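In full-length UniProt numbering, the protein residues as written are 1 to 311.
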């Protein structure tokens, strides 16, 4: 039927209009010119909002059909009171039932019913157990690159390669030098020679922020109480690259940051040039007062013998 209608509409649009009478089409020379009035376009009508679906009475009354469908899946003891029905579309209704399982507090059962046109029989489309507003559900899934935290990796863990990591950029490539080539080659590893990718400007900035905000940064507790900065410590190992003006590596085994990156304006109590006040070499005062009154010495042997004889 739809194909016939489409061909009929196409035939109407393809048909050329009838030719006008030449006598009517040709205006006479004596005829006064007529003013041509342009028709103003009618204002566009606002789009009508679709009417909300109407509850189908046959499907709304089929509460027993919906309950029976859920009971077959979960058991009669798991299905509670009927919570209501909602129209999902034309001749499509969803029934909700309370879930009585204590392990699923806040969840509810649903059964979706439908019926064919001019049919009085409700058909079950699907059943499901859905969480409510106060239901206990698992947290939303987070991709691994957003879920991974520093320190989560173990000795056997391997991270997948990130091809588009904003912290990295392509490094420089070492080229072959031939005799006669006027080229200045500086085999400096700092430039990235021999490495496929090196730290980008964003990667350097992110690393500097992490190091500065750590406990080895200038605002850490050790730095606030230190009397000397790492920049003047003999145990500081300088690093190469643009970060050498802000950071270095601690090489003091007694320091809390041994083998770690430290800020040059950080510090701790293990500074190589700081010292503590010299303690007094005088002996502590004796607890026994030798200048007090003389003590009376008493022989305890007779008292011990008397106590033994009483036993």
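The beta-carbon is built from N, C-alpha and C at its ideal position, and this holds for glycine as well.
A quick note: this is a predicted structure, and the numbers were derived from the prediction, not measured.
Taking residue i as part of the alpha helix (DSSP H), name the residues at either end of that continuous run.
{"i": "residue 302", "result": "301 to 310"}
{"i": "residue 69", "result": "63 to 74"}
{"i": "residue 221", "result": "221 to 225"}
{"i": "residue 202", "result": "201 to 212"}
{"i": "residue 59", "result": "57 to 60"}
So, is the C-beta of residue i closer than 7 angstroms to a C-beta in chain B?
{"i": "residue 55", "result": "Of the chains in the structure shown, none is chain B; there is only one protein chain."}
Helix, strand or coil, according to DSSP, for residue i in the structure here?
{"i": "residue 255", "result": "coil"}
{"i": "residue 233", "result": "coil"}
{"i": "residue 146", "result": "helix"}
{"i": "residue 196", "result": "coil"}
{"i": "residue 123", "result": "strand"}
{"i": "residue 242", "result": "helix"}
{"i": "residue 102", "result": "helix"}
{"i": "residue 128", "result": "strand"}
{"i": "residue 264", "result": "coil"}
{"i": "residue 25", "result": "Bear in mind that the predicted position of residue 25 carries a pLDDT of just 43, short of 50, making it unreliable; the figure below should be weighed with that in mind. Three-state DSSP puts residue 25 in a helix."}
{"i": "residue 94", "result": "strand"}
{"i": "residue 249", "result": "strand"}
How would you label residue i, buried or exposed, when you count the other beta carbons within 10 angstroms and need 16 or more for buried?
{"i": "residue 252", "result": "buried"}
{"i": "residue 91", "result": "buried"}
{"i": "residue 144", "result": "exposed"}
{"i": "residue 314", "result": "Because the chain here runs from 1 to 311, residue 314 falls outside it and cannot be looked at."}
{"i": "residue 112", "result": "buried"}
{"i": "residue 271", "result": "buried"}
{"i": "residue 268", "result": "buried"}
{"i": "residue 299", "result": "exposed"}
{"i": "residue 255", "result": "buried"}
{"i": "residue 248", "result": "buried"}
{"i": "residue 185", "result": "Confidence at residue 185 is low in this model, with a pLDDT of 48, below 50, so its placement is unreliable and no value can be given for it."}
{"i": "residue 241", "result": "exposed"}
Quick one: measure Cβ to Cβ for residue i and residue j, integer angstroms, because I've assumed they're closer than 8 angstroms.
{"i": "residue 198", "j": "residue 169", "result": "6 angstroms"}
{"i": "residue 216", "j": "residue 260", "result": "6 angstroms"}
{"i": "residue 83", "j": "residue 98", "result": "6 angstroms"}
Should residue i be counted as a contact of the ligand COA given a C-beta to heavy atom distance under 6 angstroms?
{"i": "residue 204", "result": "Looking at this structure, you won't find the ligand COA or any other ligand, since it has none at all."}
Give the range of the beta strand (DSSP E) segment to which residue i is assigned.
{"i": "residue 113", "result": "107 to 114"}
{"i": "residue 86", "result": "79 to 89"}
{"i": "residue 169", "result": "168 to 170"}
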